[in-house]
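Following: one structure in structure tokens, then a few remarks.
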Amino acid sequence: MSRSNIEMMKLSENLVSNKTTLKFDLDNNELIKVDKETRDLVCVGNNSKNNLKVQFSVMNGCDYYEIRTVPSIVSLKPGYACEFEIFIKPLCTCSTKEDVMITSLNLTTGTIENAKIQIEMETEQTTKLNYRELEEDEKLGEVAIKKMKQLIDNESGLEEFTKEVSMLDKFRSDYIIYFYGAVFIPSKVCMATEFAAFGSLQDVIKHKKSDEVVMKLRIKFLLDGAKGIQYLHENGILHRDIKPDNLLVLSLETNEKANAKLTDFGSSRNVNMLQTNMAFT
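Read in UniProt numbering, the sequence shown has 139 at position 139, and its numbers run on one by one without any break.
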């Protein structure tokens, strides 16, 4: 380090670095891609009188991004430094400032020392949501949160959920409930959709009196549902579970463009895929 022109800053008693914050700067102020690695470089040096073994690690409980380094671990002589490549891979949309740990083992004394470097990152907006930004309540503002507790440790269930999310992400219709995104972190799996103030059509049937829902509005619910089904069919999708529970009511005002919208596409199938299955089974 004495022969280098790189300015080093003290991280701990025995460790120095040329950076205290990793920002993964991209050209033209690009946002970091989700599910893809982005690289930064950092030099870490040995400021002690003994050989040190040095490695990076994330803090406990980190489940929304992954980090790896090249090299993964290195032995440093006193007064020497190593340039680490830091690769970060966000698993969901997030904007975060938190610490990663640099652990050093003194090979002479056996002493372990920890130092911290902050990471700052902001990802692109995707439909892969960060569960930390969702409330535990059933609705967040005007967004409904649908938890998928039954999918925990269930690989086939998670696969079906992924297919449903992929399908929802492509829908663009006034008569299909709007999809904001989903959380894929195990044990936190859920999806965020448009909030329906009156629940499902089944809820309206059960809780509203006859004079509260005029005949014109009842017909409108059915027409809205039919338009949602038509949109699906025009795009080669069969819902396969049409019922009052899966028609959500957003308004009881007759002048709205869409009073009811289709939801719950877990049973839906692409017609082309269905035909393929029928031909080969």
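We put the beta carbon where it would ideally sit given N, CA and C, even for glycine.
Selected residue, minimal CA-CA separation from K147, among V189, I177, N18: To locate residue 147, count along the sequence shown from 1; it is residue 147. The candidate whose alpha carbon is nearest that of K147 is V189.
Could you tell me the alpha carbon to alpha carbon distance between T20 and I88, rounded to whole angstroms? The residue labelled residue 20 in the question sits at position 20 within the sequence shown. The residue labelled residue 88 in the question sits at position 88 within the sequence shown. Whole-angstrom Cα-Cα distance: 16 Å.
What's the gap between the Cα of L52 and the Cα of K36? The residue labelled residue 52 in the question sits at position 52 within the sequence shown. The residue labelled residue 36 in the question sits at position 36 within the sequence shown. Each residue's alpha carbon lies about 32 Å from the other.
From what residue to what residue does the beta strand (DSSP E) around D99 run? Here residue 99 is taken as the residue at index 99 of the sequence shown, counted from 1. Counting along the chain, the beta strand (DSSP E) containing D99 begins and ends at 95 to 106.
Alpha helix (DSSP H) runs wholly inside the region 32 to 91, at least 4 long, in chain order: none
I86 and L22: beta carbons closer than 7 Å? Position 86 of the sequence shown holds residue 86. Position 22 of the sequence shown holds residue 22. In this structure, L22 lies closer than 7 Å to I86 by Cβ.
Below 8 Å on the Cβ atoms is my contact criterion, and I expect C92 with N130 to pass it. Report the Cβ-Cβ distance as a whole number of Å. Here residue 92 corresponds to residue number 92 of the sequence shown, with the count starting at 1. Here residue 130 corresponds to residue number 130 of the sequence shown, with the count starting at 1. Confirmed, about 5 Å.
Is it buried or exposed for E159, if we count other Cβ within 10 angstroms and need 16 for buried? Position 159 of the sequence shown holds residue 159. With fewer than 16 Cβ atoms within 10 Å of its Cβ, E159 is classed as exposed.
Length of the line joining the Cα atoms of E138 and A144: Counting from 1 along the sequence shown, the entry for residue 138 is found at position 138. Counting from 1 along the sequence shown, the entry for residue 144 is found at position 144. Low per-residue confidence applies at E138: pLDDT is 47, beneath 50, and the placement is therefore not dependable, though the value from the model is reported in the following sentence. Using only the alpha carbons, I get a separation of about 6 Å.
Using 7 Å as the threshold, is the C-beta distance between V44 and S17 below it? Translated into positions along the sequence shown, residue 44 becomes position 44. Translated into positions along the sequence shown, residue 17 becomes position 17. Cβ atoms of V44 and S17: closer than 7 Å.
Spatial neighbours of L11 within its chain, please: CB distance less than 6 Å, with the 5 preceding and 5 following residues excluded, ordered by chain position. As a position in the sequence shown, residue 11 is number 11, starting the count at 1. Counting only Cβ-Cβ distances below 6 Å, and skipping sequence neighbours, we find S17, A115.
Name the one or two DSSP bridge partners that K10 has. Position 10 of the sequence shown, counted from the start, is the residue given in the question as residue 10. DSSP output for K10 lists V16 as bridge partner(s).
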